[in-house]
Every structure is written in structure tokens, then in C-alpha cells.
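A short worksheet on the structure shown next.
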Amino acid sequence: MDKLLNVSYPTFILIFFSLLVTGCDADRSGLKPSTGKTNELLVVTNSEATWKGNTGSEISGFFGQILEGLPQPEKTYDIAHIPEPNFSQMFKTHHNIFIVDINPSFAQPVIETYADFWAKPQRVIKMTVADEQTFLNEFEQHKEAFIELFNANERTRAALAYGTIPDMKIKNHLLNKFGIDILIPQSFFVASETEDFIWLRREAQQFGQGILIYFYPYTDTIAFDPEQIISRRNDFTMNHVPGPVDGSYMKISTFEPPVTRRIDFNGHFAVEMRGLWDLEGDFMGGPFISYTLVDPRKNRVITLDGYVYNPNQEKKHLVRQLEALLYTLSFPEEQKK
5 MDKLLNVSYP
15 TFILIFFSLL
25 VTGCDADRSG
35 LKPSTGKTNE
45 LLVVTNSEAT
55 WKGNTGSEIS
65 GFFGQILEGL
75 PQPEKTYDIA
85 HIPEPNFSQM
95 FKTHHNIFIV
105 DINPSFAQPV
115 IETYADFWAK
125 PQRVIKMTVA
135 DEQTFLNEFE
145 QHKEAFIELF
155 NANERTRAAL
165 AYGTIPDMKI
175 KNHLLNKFGI
185 DILIPQSFFV
195 ASETEDFIWL
205 RREAQQFGQG
215 ILIYFYPYTD
225 TIAFDPEQII
235 SRRNDFTMNH
245 VPGPVDGSYM
255 KISTFEPPVT
265 RRIDFNGHFA
275 VEMRGLWDLE
285 GDFMGGPFIS
295 YTLVDPRKNR
305 VITLDGYVYN
315 PNQEKKHLVR
325 QLEALLYTLS
335 FPEEQKK
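For the sequence shown, the working numbering begins at 5 and goes up steadily by one.
Here you go:
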């Protein structure tokens with residue numbers, strides 16, 4: 005169980021982000037599997053008025069913001085609300101829970117975060133504050149840390165589900181040829197590969213998903229420049245990811261520039277990129293997400309890239325599935341440590 009947080013702001017942020025890596029050390033093996041829809045957040049308030057006021061608006065506006073990098077608007081989280089008196093045991097197994105307690109007896113705000121408290125995997129965050137204005141102030145300062153914790157829990161949940169159906173042949177191939185360990189489910193197959201590139205595909209009846217993994221020598225920090233990341237991806241896909249029409253190939257769409265941010269990716273500095281892909285010479289397209297980082301063992305850049313094709317349908321869940329798989333990356337040396 006994660007510890008109670010009632011500390012200064014800088015320390016609070018550091019502790020929160022450390023929890024993304026360390027997780028919960030307590031033995032919670034007897035817990036029931038968590039419930040709830042994928043990318044859903046259960047919000048609990050101690051009064052209906054709290055939810056209908058500015059507090060509820062801020063919560064739903066932030067966690068329900070439009071997810072970047074998709075061709076059509078889709079909310080980051082679907083929000084479900086329940087008043088605290090109705091927060092019975094059946095709701096406590098939800099995988100993402102955000103509790104707001106407006107309590108005038110608390111002179112100082114208290115923020116608590118728990119991993120796997122009532123169920124597993126689960127993330128529970130509770131804010132206890134004296135009044136609405138205090139909540140708004142505290143929420144504004146810490147909301148980015150909150151959403152990172154919920155995002156991490158979504159990835160854990162998806163990875164656990166896929167972990168029951170790993171493709172050991174692909175897993176061992178990636179380990180032996182490229183020196184990386186990553187979870188790939190049985191529904192994927194190797195579409196093509198070279199000495200520094202591999203394309204894994206999943207083709208369902210209604211949609212397609214793909215994972216691109218490629219490597220090139222690390223020379224300097226220009227490798228993290230967004231234009232460089234785009235250029236490298238386009239080079240690899242032009243040569244190795246053809247479309248259905250002769251001469252067509254995948255590329256990053258110029259219709260709407262990708263968005264990037266610098267992140268901690270499993271303990272490694274990385275650049276996350278979200279955007280749209282399309283085909284040069286054809287009319288297919290969809291969203292992609294990628295992570296570019298340096299493999300210090302071999303002084304090389306590695307990019308993990310997941311893309312989705314699901315025309316005229318929602319794509320958020322499919323992208324989040326790929327995000328969870330990409331986050332399972334590790335290097336053999338790290339596993340030994």
C-alpha cells in the first residue's frame with residue numbers, strides 16, 4: 005500500500021512520480037480482480053452538490069479531456085460518478101477511483117494514494133480538503149500527477165490481461181535477435197523484418213493493429229528532436245511498410261502535426277509522440293503512438309511504435325492496448341538487477 009501523502013508540493017510530486025515506478029510493495033495477492041470498463045474513472049464525492057458544482061466540472065473537464073493524437077474526438081476517461089453514501093462494496097473493486105471529501109474539520113489538505121487497496125490492479129486517490137476553493141487549488145497543482153497514476157494503472161491492467169496469452173516464439177525472437185524483452189500477444193505475427201527493424205501485425209475482422217520496432221546508432225541528442233523522429237519513422241515505413249496499392253507506403257500525416265512530450269519511460273528518458281499516419285499513394289490512415297529512447301548498452305536509439313487502423317470507429321481503446329504493450333519493454337540486464 006502506498007503511504008499517506010500530506011507533504012509539501014515539491015515532495016508530493018516527486019513521491020507521486022516515484023510511485024509510477026515502484027508501485028505497491030505490500031502482498032495483496034488475495035484481492036479480487038478489479039472491475040470497470042477500460043479507460044473509465046469512478047469519482048466519489050460526499051455530496052451531490054459537490055459534483056454538480058465547480059468541483060465536478062473541474063474533475064470531468066480534466067479527466068474527460070479529448071485524448072490527443074486521434075482522428076476524431078474521444079475522451080481520455082469516461083467518468084462515472086457516485087455519491088459517497090452509495091459507495092458500497094460492489095463499487096470499491098473499480099480499477100480507478102478518485103474520492104473527494106469536502107470536510108471543514110481538516111485545516112490542511114490531505115492527499116492519499118493507494119495501489120491495489122480493494123482490488124487488483126487498482127489505483128485509488130483521495131483528496132480531503134476543507135472547502136471547494138481549496139480543492140480547486142490543490143487539484144490544479146496535482147492533477148497531472150493524478151492522471152499519470154491512473155494511466156499507469158490502465159497499462160498494468162491491459163498488460164496483465166495480455167500476459168495470459170503471450171507469444172513466446174515472438175518474445176524469444178525479439179530477445180535473441182534484438183536484445184529486448186517485450187510482451188506480444190499470440191494474435192500478432194511478424195509481417196517483415198531486417199537487421200534493425202521488425203513489423204508485428206494483428207489483423208482482426210473489423211480493425212488492425214501494428215507494432216514497429218526499429219534501431220539506429222545514437223550520435224547525439226538530436227535523436228530526440230521531433231523532426232528527427234518523424235524523419236526516421238518515415239524512412240523506415242517507406243522502405244518496410246507498404247500499402248495495398250503498388251508504390252504506396254505508410255507515412256506520418258501532414259494534415260495535423262504530431263504532439264510530443266518528454267517522459268520517464270520505465271526509468272529511461274524518452275520522447276512520446278502521438279499523431280496520425282496515412283498512406284502515400286492510397287487512402288488509409290489512423291492514429292499512432294511512439295516512444296523513442298536510447299539503449300545505453302549498445303549506444304543505439306530504439307523506437308517503439310504502435311498504430312491502429314479502424315475506419316469509422318472509435319480508436320482510443322486500441323491505442324491504449326498498444327501503449328500498454330510498448331510499456332512492457334525491458335532489457336535483459338535490467339531484469340537481472
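Don't be surprised by glycine CBs; every beta carbon is placed ideally from N, CA and C.
Every value quoted in this text rests on a predicted model; they were computed, and no experiment measured them.
The beta carbons of Gly310 and Gln213 sit about 7 angstroms from each other, so the pair counts as a contact at 8 angstroms. Here the alpha carbon of Phe287 sits roughly 34 angstroms from the alpha carbon of Ile83.
Approximately 18 angstroms separates the beta-carbon atoms of Ser38 and His85; this is outside 8 angstroms, ruling out the contact. Here Glu337 is exposed, its C-beta having fewer than 16 other C-beta atoms within 10 Å. In the three-state DSSP reduction, Arg236 falls in the helix class (H, G or I).
Put simply, of Gln69, Met254, Val114, Glu318 the residue whose alpha carbon is nearest the alpha carbon of Gly289 is Met254. Ranked by Cα distance from Met172, the options Thr160, Phe192, Phe292 are led by Phe192. The stretch 122 to 129 makes contact with the stretch 153 to 160: 3 or more CB pairs, one atom from each, lie closer than 8 angstroms. By the Cβ neighbour-count rule, Ser92 is exposed, with fewer than 16 other Cβ atoms within 10 Å of its own.
When secondary structure is reduced to three states using DSSP, Lys319 falls in the coil class, being assigned neither helix nor strand.
One alpha carbon belongs to Asp239, the other to Asp200, and they sit about 12 angstroms apart. Within the model, the alpha-carbon separation for Asn176 versus Glu148 is close to 36 angstroms.
Counting only the Cα atoms, Phe139 lies some 33 angstroms from Pro262.
With the rule of 3 Cβ pairs closer than 8 angstroms, the stretch 99 to 106 counts as touching the stretch 42 to 54. Annotation for Thr264: Pro230, Val275, Glu276, Met277 place their beta carbon closer than 7 angstroms to its own, counting only its chain and skipping 5 residues before and after.
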